[in-house]
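The sequence shown maps to residues -19 to -1, 1 to 632 in mature numbering (1 follows the signal peptide of the UniProt record, and there is no 0).
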Amino acid sequence: MFSLRTISSILLLAGSALAGPNNETSPTHIFRSRPDLHAPMLEMTLLRPELVAPGYIMLAPYRNLDPGPYIYDNWGQLVWSGAGSSGPKTAHAPHPCTYKGEEHLCYFQGQQHQGFARGHGVIMDKNYRIVKTVESSGAGASSDMHEFRMTPYSNGTTALMTVYQPRMYDLTTNPKFQIKDGMGWIVEGVFQEIEIETGRVVFEWRSTDHLDPSLTYTFPGRTDTSGNGLSENTPWDYFHINSIDKNQDGDYLISARHMAAIYKLSGVDGSIMWEMGGANPTFHQTNFNFSSQHHARWVSENETHTVMTFYDNASNGFNRTDKFSHGYVVSVDHIANTATMIKEYGAPEASGGVLSGSQGSMQVLPNGNIHLGWGEHPYFSEHTADGSAVMYAKVAYRASNVMIYRSHKFPWVGQPLTKPALWTYSKTNDEKSGMAFYVSWNGATEVASWNFYASANRTGPFDLVGNTKKTGFETVMRYNNVSTWAFAEALDKDGNALERSVIQKTFVPSVTLRDHCDEWACGKAEPIRDEDAHYDPYSQVKAEFLSNNRGYDTSAYYAELPVSATEQQAAVEKAQHQRDVKLRLLICVLGGTAGVGFLVFALILARKQLPGAMPSSFIRRVSDVKDAISVKLLGKKYAQVDEEEKFLDQS
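Here it is, written out as structure tokens:
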């Protein structure tokens, strides 16, 4: 008998036989047809597969090998890798959104900083083409990672986005701020509702207009993201806004992590209508507490009751209010002014749960299930409404330092404009060895099966040599014959052709390489031993170069290969030769110029003093002067070379 975890691992690998991890803490897929992709390999456990809701998991890990937006199916198989699709920076919280009446994909993209980000919102169509970017407006900072979404009930005409705005502030007024003199700095929590087509600010709210920094639960220098308030580079983040929602009445619901509070705000003037948690709570919490929370969302509202969900971190990494983090469903009674937790959801860990000191998300699915993202722990889970876990997955292990701000699950139809990718292989290029087809189509959700065609000639004719059901991101098929050229054709569930790959030449390894190959592919190359080398090899790049590359501004990482003594000497000789050539050219130019100048002078003088002729003795004098100048320049040249050689010797 297999355990559920073992079964889930077999299912995970079935669709991509040669996918494998690149390290122990952040396993990464390897695809023959798309070796440029480095998607995280999920460790997925299907506890109750029959109860898992339909849909696609959407997330954007960062600090991994290829940070960016990703989509996976319910079996943990990659559907789309968007790494690099909108630039080299970090992405957060991909999710479907309605724009101009059609389904699109929205997410934040920008530069990650400690506890916040700078960037803009991205709107991508079902073809995975960026059709619009959305920026914050006004004379302030660019938008932040914590929220970018279409405004509910706006029909995709406006978007909500957070802004982390540093500003000067008098922090000498409260001893808890620990600043006695000089100007202090804070981060003002701001959100805007932006008209997408014009960039006009429909509504703006600023924390300092309504909430004094003294009401915070996170004072300067108390956490790794709070800042100490001493300079513009380390402003104190007293508020830390991290989610925005809007109801049909036009009012807003926001979460402020560092205030340990959730606020309902008037859509007319921004005033606080009620506060849950925080320094001045409106409601008595009957059976729960929370802190450092994320992702507050309305579920329902009427005149007497409000139901909402949010992710309770219960920790900021330094202090905690519970043993584990949870997803909460809370009911607020506006008559009794009470707030009651009616359901909680924890991570299905053997220890009882996980405690995430940052990030996290909670989503109610259409069938009533709950999807949870576990923040700084790069995990996600799904639960039935009664709390039973039906699925649990890990994108990477905690030791990897990979994180996911939010995880979502939604229906999605992806129709990429790219072509399917195909790689074909035969070990010996004869009928005995056969050939293998590897095919994938990044982002396509409607492929049900693949046709494979082969020919001895690039121009055909091509014969249909096989058909197989799509299995995971990369489908593999064996063919008991060999053809030099091939292509693949994607089919939908009704057998209709969707798109063809380009015609691909079959790869056949050389005789030398063949010993390291099997019927599926060749093994990974290993560095040659120095004693077997027929040349002076470069030393290997240090192994830690790749493992230290965490996705933060990776252009700052370079591998510097050491240079051998032979190469150093060759470089010195080459440089000397280049200097010699340049100096000779300079001497010729200067010498020629000087000679012409003296000749002109001689002609003028000859006309004045010897109008009838130019004596040969005078010409010899001019030539002697020119030669003297050339000799002098050559002397300087040799002196310069001697000095440079001395410098090189000293180096």
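In this text, a Cβ means the ideal position worked out from N, Cα and C, and glycines have one as well.
As the structure is a computational prediction, the values presented were derived from the model and not from experiment.
Restricting attention to Gln92, Gly165, Phe158 and Glu176, the CA atom closest to the CA of Arg130 is found in Glu176. Selection Gly102, Leu211 and Glu363 evaluated against Gln159 yields Leu211 as nearest (Cα-Cα). Membership of Val33 in any alpha helix (DSSP H) is not indicated, and neither H nor E is assigned to it by DSSP.
Here the alpha carbons of Gly368 and Thr456 stand approximately 36 angstroms from one another. Beta-carbon to beta-carbon, Asn432 and Leu472 are separated by about 6 angstroms, close enough to satisfy the 8 angstroms threshold. Going by DSSP, Val492 is part of the alpha helix (DSSP H) stretching over Val492 to Arg495. In this model, Val428 and Lys451 are separated by some 7 angstroms (Cα to Cα). Per DSSP, Lys107 is not a residue of any beta strand (DSSP E), being assigned neither H nor E.
Rounded to whole angstroms, the separation of the alpha carbons of Asn461 and Glu412 is 7 angstroms.
Here Thr132 carries a coil assignment [DSSP, helix/strand/coil]. By the C-beta density criterion, Asn108 is exposed, having fewer than 16 other C-beta atoms within 10 angstroms. Of Asp162, Lys161, Thr154 and Lys113, the smallest CA-CA separation from Ala140 is found for Lys113. Contact check for Tyr434 against Val446 passes: the beta carbons are separated by less than 8 angstroms.
The C-beta distance from Trp355 to Ala317 rounds to 33 angstroms, too long to meet the 8 angstroms contact threshold.
If you draw a straight line from the Cα of Trp186 to the Cα of Val249, it comes to about 11 angstroms. In the structure shown, the three-state DSSP call for Lys157 is helix. Two segments are said to touch when three or more pairs of C-beta atoms, one from each, lie closer than 8 angstroms; by this definition the stretch 285 to 301 touches the stretch 310 to 325. DSSP places Lys70 outside both helix and strand once states are collapsed to three, so it counts as coil. Gly102 is not a Cβ neighbour of Asp218, given a cutoff of 8 angstroms. Rounded to the nearest whole angstrom, the CA to CA distance from Gly441 to Val489 is 20 angstroms. Taking 3 residues as the minimum length, the beta strand (DSSP E) runs contained wholly in the stretch 403 to 437 are 416 to 421 and 430 to 436, in order along the chain.
Beta-bridge partners of Asp226 (DSSP): Leu234.
Between Asn228 and Ile385, the alpha-carbon positions lie close to 27 angstroms from each other. Where Asn268 is concerned, there is no enclosing beta strand (DSSP E), because DSSP gives it neither an H nor an E. For Tyr373, the uninterrupted beta strand (DSSP E) run begins and ends at Ala370 to Lys375, by DSSP. Under the 8 angstroms Cβ criterion, the stretch 109 to 128 counts as touching the stretch 142 to 159, having at least three qualifying pairs.
Note on geometry: alpha-carbon atoms of Leu246 and Ser339 lie some 24 angstroms from one another.
Just measuring C-alpha positions, the residue of His497, His191, Ser430 and Phe443 sitting nearest Ala478 is Ser430. Looking from the CA of Pro42, the closest CA among Asn55, Arg29 and Gly65 belongs to Gly65. Boundaries of the beta strand (DSSP E) harbouring Phe184: Val182 to Arg187, taken from the DSSP string. Put simply, the backbone Cα of Gly258 is about 10 angstroms away from that of Ser236. Apart from sequence neighbours up to five positions away, the residues of its chain that approach Ala277 with a beta-carbon distance below 8 angstroms are Ser224, Asp226, Leu234, Ile235, Ser236, Ile243, Met289, Thr290 and Phe291, ordered along the chain. The straight-line gap separating the alpha-carbon atoms of Thr399 and Gly170 is approximately 41 angstroms.
Under DSSP, the beta-bridge partners assigned to Asp444 are Ala435.
By the criterion of a C-beta distance shorter than 8 angstroms, Leu403 is surrounded in its chain by Ser14, Phe418, Tyr419, Val420, Ala467, Phe468, Ala469, Ser482, Val483 and Gln485, once the five residues flanking it on both sides are discounted.
As summarised for the stretch 255 to 311, the continuous beta strand (DSSP E) elements at least 3 residues long and confined to that stretch are 275 to 282 and 286 to 293, given in chain order.
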